[in-house]
Each structure stands twice: as C-alpha cells, then as structure tokens.
Amino acid sequence: MIRVVLPPHLRTLARVDGEVELEVKTPVTQRSVLDALEAQYPMLRGTIRDHVTRLRRPMVRFFACGEDLSHEPPDVPLPDVIAKGSEPFLIIGAIAGG
Amino acid sequence: MSNIRVLVGTRKGAFILTADGTRKRWKVRGPHFAGWEIYHVKGSPVDPSRVYASQTSGWFGQIIQRSDDGGKTWNTPGSSAEELKSPDGMPKGESNKFVYDTSPETGKPLTTHQWYDGTQHPWEFKRVWHLEPSLDDPDTVYAGVEDAALFRTTDGGKSWHEFAGLRGSDTGPKWQPGAGGMCLHTILLDPKNPQRMYIAISAAGAFRTDDGGKTWRPINRGLHSQYIPDPNAEVGHCVHRIAMHPSRPNTLFMQKHWDVMRTDDSGDSWQEVSDNLPSDFGFPIDVHAHEPETIYVVPIKSDSEHYPPNSRLRVYRSRTGGNEWEALTKGLPQRNCYVNVLRDAMSVDSLEPCGIYFGTTGGQVYTSADAGDSWKPIVRDLPAVLSVEVQTLP
C-alpha cells in the first residue's frame, strides 16, 4: 500500500483523517499515485493538478524521503521506500500567504 | 411566520445567520469550509433548501459545494457512488471543472484578452465569483468566473459548460482585468423573458443576450469612464455591480467604478443618477423588495482609498430611482470606520417592511428591518465578508 499525506484542507475536502492508503499499480510514479488518489477521492480532482493539462498546481508541492520531487517528470518511478509503503508521499500546500 | 436565512461568504469560510420574521434574535452557524475563500453562496428561488457555494483557494483551486438541506450539510455535486464513474472507468469529479469552450462549432472561441501591459493574454480560469440559480429549475445555475466568462450547469452542479458566444462577441480582445482580476461578477435573469440575461464584467462593462445566451452585445452607451483612453468606449468600463427589480426588468441600476447609473431601456442607454452622493465610487447597489424606485448604495471615498468618506459608514437611499439621496446612519459607525463593502455583499429580504443586509471587509454583517432607517450588527467579527445573500423562507 502506498501512503499519502494530504494537506489539511484537502483532508477536510476528502473527509479523511491522517494518512491515505492507496493500491497503486507498478511502476509507482507521481502520475500513478495521483491517478489512484483521484479515483478513490474524486472530489480532489482539479485541486492537486489541473483538470485538463494534468500539471501540478503552482502552489502544490510533492515531497518524499526529505526531497522535493515537484519538478520530477510525472512518470519517473518514485523511491522504493514510497513504493513499499515504508515512507509516505507528501502533498504539500506551499507555505505562503494567510 | 416567515424566517430569514442570510448566507455569508467570507475570506475564511461561509456562515449562515438565521432569525424569525421579527429579525431581532439571530443564530450564527459556521464556518463551513473553514479556511477557504467563499466568494458566493446563493439559494435557489425555486427550492430554498438547495444552496450553492463557490469555495476557492489560491493553493487548491475551485470547489463547488451544494446543500440540499438549507446549508446544514454540504457535498461536492455528483459525489455519490453511482455518479462517480464515467464509461471509461475514471472518476468524473467534474463539479469543479470549468474549461473554456474552444470547439469550432460554437462560433469564434477566443484565446486572448488584453493584459495589463496592453499585450494579448490567454484566458486562464481562476475562480467562480458569482453563482446565480435559475428562476425555475433548482438544478440549473449560472456561474460568473474569472477570467471573465459565463458557465451553466443543468445537472445540479455536476458539470459546467461555457456560453462561448459571450467571449466570442468580437469585443473580447479589448476586455482587461481590473484591480480584482477580470471577473464576471453580475448575472441578472429577466423574470419576464427567459431568453434575456444581463451580465457585467470588470473591466469590460455590461452585456445582454436576447437569445438565451447564444449571442451577446455590449450595453454600455452612456457610460463615461475617465480612466480609459476613450471615456465613451464600447467596452472597457469597470462596472462594479448591477441591480434589477423583478417587476421592472427593463430598468437597471449600476454602481460603476465611479458613477451611479440607471437605464430604462434594458441597457440601450444609461444616465448618471449620482447627484448629491458624497462620493459616487462604491461597489454594491440593490433595490428595495417592494419599491422598484428605492435603491441603496454604500459610497466609498475613492478607488485608492477603499473606505467610507470621512470615516463614517453610511448607506445612501434614493426613493426616486437616483439623483435624490439620503444618508442612512442610525446604528452605523460614524467615526473611525475604515471598512469597505464589496460588490456582492448587499442583499434584501422580501418581508414587510423590507430588510436590508450588508457585510463589510471588517467582518460585520449589518441588518436593517425598516428599509434602512436604522441598523444593527448581526455579527461583528467574522473574516472579511465577500458576499451576502438573503433567503426569505415561508
């Protein structure tokens, strides 16, 4: 199972507490994780990446294993520890504004 | 006895204020969607339990929320299990999908408008400013969005489609964003002619359709705006708000960036009716529920000083459809007041006497149960108020 941590506003929108666990087909990539997330929580469509372009929204970031993966191509495999579920994939709202 | 429900959108959530018909004791519920900007909340005139909200965020974009129980519980439309799957197995989740129409069969889809530096700039969806439920179908709602365009849902908010003819009305490349962005903020539905609608855009002006939204034309003759190169241009005017009394849909009242205006020929020509106002800059304008010639504005000092003249918060009322204005001050702060009242933040109920409501950027929501003669705050310390709508319930 892949573990995903959503920012607080999206946890409220998806009506979940804590981490989300997802079944994701291999290879585990940003795209496959987000596809699985949106399939399980359709109300999140459009909030993390654009409905049409599928690009990451500008003020959303993806972190994993202490690294900012936001600028990685969406089909690059994520680190093994993410694919194995020992570390979570973090979706972050950029720290800006109030 | 009737009840009143006031729907308040703020910078940090939605609030619902309720009272019985005496309008003396109020309950405050909320925040709903805490932490999100709620640009507008409005109920269906056909089914008052059906309420729509525009929830938005600079981080996470646009969300549409719908309540079927008068605001007690909310859902993103189309989120029941059987509604989620499209034929290819992917989730729909399209209640927040506002995609500009670029199909060739819809006419002349535009791809650019005028940018701040005078260059052409592509249309980019940012948020929904205004939701206008249909007069006869609770599942049909019109949405005014930034960058300026008009969308409609006919399935209760599950999906939205653009009226591309508005952006395709030749003048689109001359539209430009005002300080708040290039927003379509006013949608007026003609109760006597279902083919006719009025909309207003900042900063483009007012537009009318007479064929149900297929084609549109600018209706700005008589507007005079010193801040654009040709003060009498066909488009480019920063219209802040338009109001209409349902019994007289050919008469409209407008609060422009500067100037209060009226038309009696459905926008074909406008006349200024500011006269003795202390400032004719402001944002909201509204009409008394039972007196079509009684109108209300909130004068603001200037476009660079968004607070009341002389730091005194005063609603101005004209019982003559403009030109002769009286200050309404009883119960409103008359010193050290530096709040603003935004364009969607004034509304009226339909009780007798008519109740008037407005919210401020300081978080106060004021009400008058005597058509403006006296005022009191329902609540004082909400986040900055973006919109106020009132439902008069049986």
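Same order as they appear, the protein sequences are chains Z and C. The first sequence begins at 210 in the numbering used here and counts up by one. The second sequence begins at 75 in the numbering used here and counts up by one. We treat Cβ as the ideally placed atom computed from N, Cα and C, and that holds for glycine. Only a predicted model underlies this, so the values are computations on that prediction, with no experimental measurement involved.
Subject >> Top-ranked residue by Cα proximity to G446/C, from C257/C, V462/C, S243/C, V371/C >> reply: V371/C
Original post:
By Cβ distance, which residues of its chain are closer than 6 Å to Y216/C, with the 5 residues on each side in sequence left out?
Top reply: E206, R226, I261
Original post:
K330/C bridges to which residues according to DSSP?
Top reply: V313/C
Original post:
Three-state secondary structure (DSSP) at A253/C?
Top reply: coil
Subject >> Three-state class that DSSP yields for G132/C in the structure shown >> reply: coil
Subject >> Whole-angstrom C-beta distance between F172/C and W234/C, which should lie under 8 Å >> reply: 6 Å
Subject >> Endpoints, beta strand (DSSP E) assigned at H106/C >> reply: 101-106
**OP:** Please confirm if G230/C has its CB atom under 8 Å from at least one CB of chain Z.
**Re:** no
**OP:** Determine, using beta-carbon pairs with one atom in the stretch 124-135 of chain C and one in the stretch 194-205 of chain C, whether at least three such pairs fall under 8 Å.
**Re:** yes
Original post:
Just to confirm, are M328/C and M335/C a CB contact at a threshold of 8 Å?
Top reply: yes
**OP:** Output the distance between the C-alpha atoms of F89/C and G286/C, rounded to the nearest integer angstrom.
**Re:** 33 Å
Original post:
Tell me, which residues are paired with Y431/C by DSSP?
Top reply: S421/C, T441/C
Original post:
Which residues in the same chain have their Cβ closer than 7 Å to the Cβ of G506/C, if we skip the five residues on either side of it in sequence?
Top reply: Outside the shown range of chain C (75 to 468) lies residue 506/C, about which nothing can therefore be said.
**OP:** Select from D264/C, R79/C, A307/C, D339/C the residue whose C-alpha is nearest the C-alpha of W100/C.
**Re:** R79/C
Subject >> the stretch 335-354 of chain C contacting the stretch 279-298 of chain C, beta-carbon criterion three pairs below 8 Å >> reply: yes
Original post:
Hey, D455/C and G437/C: beta-carbon distance below 8 Å or not?
Top reply: yes
**OP:** Mind listing, in chain order, the continuous beta strand (DSSP E) runs of no fewer than 3 residues lying wholly within the stretch 357-410 of chain C?
**Re:** 359-361, 369-371, 389-392, 400-402
**OP:** Answer with yes or no whether the minimum CB distance from I137/C to chain Z is below 8 Å.
**Re:** yes
Subject >> Exposure label - K330/C; buried when at least 16 CB within 10 Å >> reply: buried
**OP:** Pick out whichever of A253/C, T84/C, G218/C, D244/C has its Cα sitting closest to the Cα of E236/C.
**Re:** G218/C
Original post:
Does the count of Cβ pairs from the stretch 252-262 of chain Z and the stretch 217-228 of chain Z closer than 8 Å reach three?
Top reply: yes
**OP:** May I ask you to verify whether the stretch 382-398 of chain C touches the stretch 450-467 of chain C, counting CB pairs closer than 8 Å and requiring at least 3?
**Re:** no
**OP:** Go through its chain and collect everything with a Cβ distance to A419/C's Cβ below 8 Å, but skip five positions before and after it.
**Re:** F357, P358, F432, G433, T434, V459, L460, S461, V462
Original post:
Which same chain residues, not among the five before or five after I301/Z, have their C-beta less than 8 Å away from its C-beta?
Top reply: P216, V269, R270, F271, F272
Subject >> Residues in the stretch 107-131 of chain C having any Cβ partner in chain Z nearer than 9 Å >> reply: F107, A108, G109, W110, Q129, S131
Original post:
When DSSP labels each residue in this structure, what does L263/C get in the three-state scheme?
Top reply: strand
Subject >> Cβ-based neighbour list, N77/C, same chain, cut-off 6 Å, excluding 5 preceding and 5 following >> reply: D94, L467
Subject >> Contact set for R241/C: own chain, Cβ-Cβ below 6 Å, skip 5 residues either direction >> reply: L184, A223
Subject >> Neighbourhood of G117/C by C-beta distance below 6 Å, restricted to the same chain and skipping five residues each side >> reply: V125, Q465
**OP:** Flag V173/C as yes if its beta-carbon sits less than 8 Å from any beta-carbon of chain Z, otherwise no.
**Re:** yes
Original post:
From the beta carbon of H280/Z, is the nearest beta carbon of chain C less than 8 Å away?
Top reply: no
Original post:
If the cut is a Cβ gap below 9 Å, which residues of chain C does E276/Z touch?
Top reply: The contacting residues do not exist; E276/Z stays about 21 Å from chain C at best.
Original post:
Does A245/Z come within less than 8 Å of chain C when only Cβ atoms are used?
Top reply: no
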